[in-house]
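Engineer: Pasting in a structure now, in structure tokens, and then I'll have a few things to ask.
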Amino acid sequence: MTICGTCQGVMSSTQKQLKEEEGLVDRVNALLAMDHHKYYGTTQVKHLLWILVKEIGISRLKEYVVRPLNGLRVAPFYGCYILRPSWDLGFDDPVNPTSLEAVISALGAEPVDYSGRTKCCGFPIILEKEDIATGMAGANLAEAKEKGADCLVTPCPLCHMSLDIYQERAEKTVNTRLGLPILHLPQLVGLAMGIGSKELGLARHMVSVEKILEKIGSE
């Protein structure tokens with residue numbers, strides 16, 4: 024299991040390549056043998072979001088909620104790799120996904136619908152083209168805020184980094200103050216399960232989460 028959408032995408036792509044490219048497994052295992060390892064091809068790559076929705080199930084997830092996130096409007100942000108390529112992953116509809124929205128609702132919050140939820144956060148090009156990357160992030164954040172989001176949740180820590188750490192720079196691209204808190208999926212789930220903000224590392228965020236903590240009555 025991984026909590027990173029990008030890791031899930033890279034590992035799933037690698038598995039596909041190892042399965043389809045003739046002789047690749049043998050070459051890889053020859054290198055792994057130097058450290059007494061072997062690739063068997065039996066491991067399944069699963070993201071936390073997939074496990075919550077498909078294996079634990081939304082009904083059972085609701086049973087673990089001890090602090091419903093009532094009144095909190097949460098914008099889902101899928102990012103690229105957890106949905107695409109859909110012909111390899113087949114987890115959710117890449118155009119109109121519903122899994123994050125289902126989790127948000129199960130936790131007692133209200134999902135916010137906006138077009139940026141399935142777009143790129145800009146992180147893949149941030150070192151080479153920071154102005155373009157922060158512009159992409161800024162557009163997504165501005166739309167989510169315009170639709171009334173109190174915060175945004177993503178299943179990818181690289182999206183989290185792009186939308187949180189670079190948010191101040193993204194504000195300059197859209198000429199507006201954003202101040203939109205960004206939560207990683209495990210943090211949102213953790214809040215609903217009664218885990219404290221300190222344990223969830225929320226004080227380490229660049230954009231303050233104090234307003235949403237006050238709204239749900241958490242410390």
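In my numbering, the protein residues as written are 24 to 242. All C-beta atoms in this analysis are idealised placements derived from N, C-alpha and C, irrespective of residue type, glycine included. Since the structure is predicted, the reported quantities are computational estimates derived from the model, not experimental observations.
With a CB to CB cut of under 7 Å and the five nearest residues on each side skipped, what residues in its chain are close to residue 75?
Structural biologist: 84, 126
Engineer: Can the beta-carbon of residue 203 be found closer than 8 Å to that of residue 167?
Structural biologist: yes
Engineer: Which residue's Cα is closest to the Cα of residue 136: 124, 147, 130?
Structural biologist: 124
Engineer: Ends of the alpha helix (DSSP H) at residue 112?
Structural biologist: From DSSP, the alpha helix (DSSP H) with residue 112 extends over 109-112.
Engineer: In angstroms, rounded to a whole number, what distance separates the CA positions of residue 64 and residue 31?
Structural biologist: 15 Å
Engineer: Any idea what DSSP makes of residue 41, helix, strand or coil?
Structural biologist: helix
Engineer: Just the C-alpha distance for residue 199 and residue 78, rounded to the nearest angstrom, thanks.
Structural biologist: C-alpha separation (whole angstroms): 41 Å.
Engineer: When the Cα atoms are used, what is the spatial distance from residue 94 to residue 236?
Structural biologist: The C-alpha of residue 94 lies about 12 Å from the C-alpha of residue 236.
Engineer: Are there 16 or more other CB atoms within 10 angstroms of the CB of residue 159, so buried, or fewer, so exposed?
Structural biologist: buried
Engineer: Looking at C-alpha atoms only, which residue of 205, 240, 218 is the closest neighbour of residue 229?
Structural biologist: 205
Engineer: Would residue 217 and residue 89 qualify as a contact pair, given that the criterion is a beta-carbon distance under 8 Å?
Structural biologist: yes
Engineer: Give the DSSP bridge partners of residue 134, in chain order.
Structural biologist: 97
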